[in-house]
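Q: The structure that follows is given in the form of structure tokens.
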């Protein structure tokens, strides 16, 4: 027989991801919309990498929650129209760790917590917050890193104009082996080139 507290905990944790998505949406709708847009290209890349259904589910959840740590950052920083100063940039760099701490407290999000923590790591080891490199970075985080950058380039930001598909592909290729996993970039460029 199951322990009643265990069953209540599962029910509570099941709704925890939905609660976080709601908080993200209410805190900053632009981040919410951005995260929703990542699901489709992440799904397609997950299929290319032959992820099983459980891995696909985790990848889609990671796409939705990769920036959950930004809920602790002041809106004045997130919505700033021009360049961030060093203190503001440091606050932005804290969001992967904050997101990890938020996700790791939930049984159902433990599988995506590491991806939240590492989605700003760079292939060459110069990312943050841990300075991981190459395969030390989980594959799901390497996928989200590429589709995240793609989305930002495709749709732009307040301080940065959107780019053409040709320019995006050039930028992704230029960052391949530096910021991004070359294999993920190659597969993603093939994917968006045929679309």
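In the numbering used here, the protein residues as written are 1453 to 1647. Every residue, glycine too, gets a C-beta built ideally from N, C-alpha and C.
Check for me: the alpha helix (DSSP H) holding residue 1541 runs from which residue to which?
A: Unbroken alpha helix (DSSP H) run through residue 1541: 1538-1545.
Q: Tell me residue 1612's beta-bridge partners as DSSP assigns them.
A: Answer is 1609, bridged to residue 1612.
Q: Give the straight-line distance between the Cα atoms of residue 1558 and residue 1511, rounded to the nearest whole angstrom.
A: If you take the alpha carbons of residue 1558 and residue 1511, they lie about 16 Å apart.
Q: Restricting to Cα atoms, I'd like to know which of 1612, 1606 and 1638 is closest to residue 1489.
A: Ranking the options by Cα distance to residue 1489, first place goes to 1606.
Q: How many angstroms separate the CA atom of residue 1541 from the CA atom of residue 1524?
A: Residue 1541 and residue 1524: Cα-Cα distance of roughly 14 Å.
Q: Answer with buried or exposed for residue 1567, where buried requires no fewer than 16 other C-beta atoms within 10 angstroms of its C-beta.
A: Per the 10 Å Cβ criterion, buried.
Q: Could you give the distance in angstroms between the alpha-carbon of residue 1564 and the alpha-carbon of residue 1514?
A: So the two alpha carbons sit approximately 6 Å from each other.
Q: Can you tell which of 1571, 1630 and 1600 has its C-alpha closest to the C-alpha of residue 1549?
A: Here the closest residue by C-alpha is 1571.
Q: Please report the distance separating the alpha-carbon of residue 1581 from that of residue 1574.
A: Computed Cα separation, rounded: 10 Å.
Q: Among 1469, 1526, 1534 and 1619, which has the Cα closest to the Cα of residue 1518?
A: It is 1469.
Q: Considering only the alpha carbon of each residue, which of 1587, 1482 and 1613 lies closest to residue 1520?
A: Nearest of 1587, 1482 and 1613 to residue 1520, Cα basis: 1482.
Q: Where does residue 1620 land, buried or exposed, given buried means 16+ other C-beta within 10 angstroms?
A: Buried, because 16 or more other Cβ atoms sit within 10 Å of the Cβ of residue 1620.
Q: Drop a sphere of 10 angstroms on the beta-carbon of residue 1603, count the other beta-carbons inside from all chains shown, and report buried for 16 or more, exposed for fewer.
A: Buried: at least 16 other Cβ atoms inside 10 Å.
Q: Where does residue 1552 sit, in a helix, a strand or coil, going by DSSP?
A: Helix, per DSSP.
Q: Taking its Cβ as the centre, do 16 or more other Cβ atoms sit within 10 Å of residue 1592, making it buried, or is it exposed?
A: Label assigned to residue 1592: buried.
Q: Start and end of the alpha helix (DSSP H) containing residue 1498?
A: Note, residue 1498: alpha helix (DSSP H), 1481-1500.
Q: Using the beta-carbon count (16 or more within 10 Å), is residue 1610 buried or exposed?
A: When all chains shown are included, residue 1610 counts as exposed.
Q: For residue 1559, which of helix, strand or coil comes out of DSSP?
A: Reduced to three states, the DSSP call for residue 1559 is helix.
Q: Quick one, are the C-beta atoms of residue 1640 and residue 1597 less than 8 Å apart?
A: No.
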